[in-house]
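The structure under discussion appears below in the form of structure tokens.
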Amino acid sequence: MIPLLMKMRVPRKNGKWFTLYLPIFFVWIILLLLFILILPALIIAVLLAFILGFGWIGLRMIPLMVNTFWNLHGLEIEIQPSSKIGCVPHHKKSFGIKFI
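Under my numbering, the first residue of the sequence shown carries the number 42, and numbering increases by one thereafter.
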């Protein structure tokens, strides 16, 4: 199932966490509309690829991309603050993102 919500946990200065739920199903609707707009160009590109002889490679990539997006459900990303990039963290807690 594709993720529909994103749960973002941000640490506060007092040691507690602030949790924010972001609806990302709007992103999927926008991507669907963009896909419909570029579909004619995509069909032409696939036909040219088959004429040139490497269309089967692109055809085998479609299930791979669908499987990748489908398995994003439950993905957790944890970002640790670092002073290597020039910022000084206020606290040593991590920043977490989870697709639910």
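Note that the Cβ used here is the ideal one computed from N, Cα and C, for glycine as well.
Fair warning: this is a prediction, and the values are worked out from it, not measured in the lab.
From LEU93 to VAL51, what does the alpha carbon distance come to, in whole angstroms? The count along the sequence shown starts at 1 and reaches residue 93 at position 52. The count along the sequence shown starts at 1 and reaches residue 51 at position 10. The alpha-carbon atoms of LEU93 and VAL51 are separated by roughly 50 Å.
State yes or no: is the C-beta of PRO44 within less than 8 Å of the C-beta of LEU105? Taking the first residue of the sequence shown as 1, we reach residue 44 at position 3. Taking the first residue of the sequence shown as 1, we reach residue 105 at position 64. In this structure, PRO44 lies away from LEU105, with their beta-carbon atoms at least 8 Å apart.
Taking the CB atoms as reference points, tell me whether LEU87 and GLY99 lie closer together than 8 Å. Translated into positions along the sequence shown, residue 87 becomes position 46. Translated into positions along the sequence shown, residue 99 becomes position 58. According to the sequence as given, residue 87 is Val; it is not Leu. Annotated as proximal: VAL87 and GLY99, with beta-carbon spacing under 8 Å.
Own chain, CB closer than 6 Å to LYS57, minus 5 neighbours either side, in chain order: For the purposes of this step, residue 57 is taken as residue 16 along the sequence shown, with counting starting at 1. Its chain contains no residue whose beta carbon lies nearer than 6 Å to that of LYS57 once the 5 sequence neighbours on both sides are disregarded.
Residues near GLY96 in its chain [Cβ-Cβ closer than 7 Å; skip 5 each side]: Indexing the sequence shown from 1 puts residue 96 at position 55. Hits under 7 Å: VAL87, ALA90.
Across which residues does DSSP place TRP58 in a beta bridge pair? Along the sequence shown, one-based indexing puts residue 58 at 17. According to DSSP, TRP58 shares a beta bridge with PRO52.
Go ahead and pull the three-state DSSP assignment for LEU45. As a working note, residue 45 is residue 4 in the sequence shown. In the structure shown, the three-state DSSP call for LEU45 is coil.
Assuming contact is defined by CB atoms lying nearer than 8 Å, are MET47 and ILE65 in contact in what I supplied? Indexing the sequence shown from 1 puts residue 47 at position 6. Indexing the sequence shown from 1 puts residue 65 at position 24. Cβ distance < 8 Å, so MET47 and ILE65 count as in contact.
Who are LEU63's beta bridge partners in DSSP? The residue given as residue 63 occupies position 22 in the sequence shown. Answer by DSSP bridge pairing, in chain order: MET47.
Three-state secondary structure assigned by DSSP to ASN108: Against the sequence shown, residue 108 aligns to sequence position 67. Residue state, collapsed to three classes: helix.
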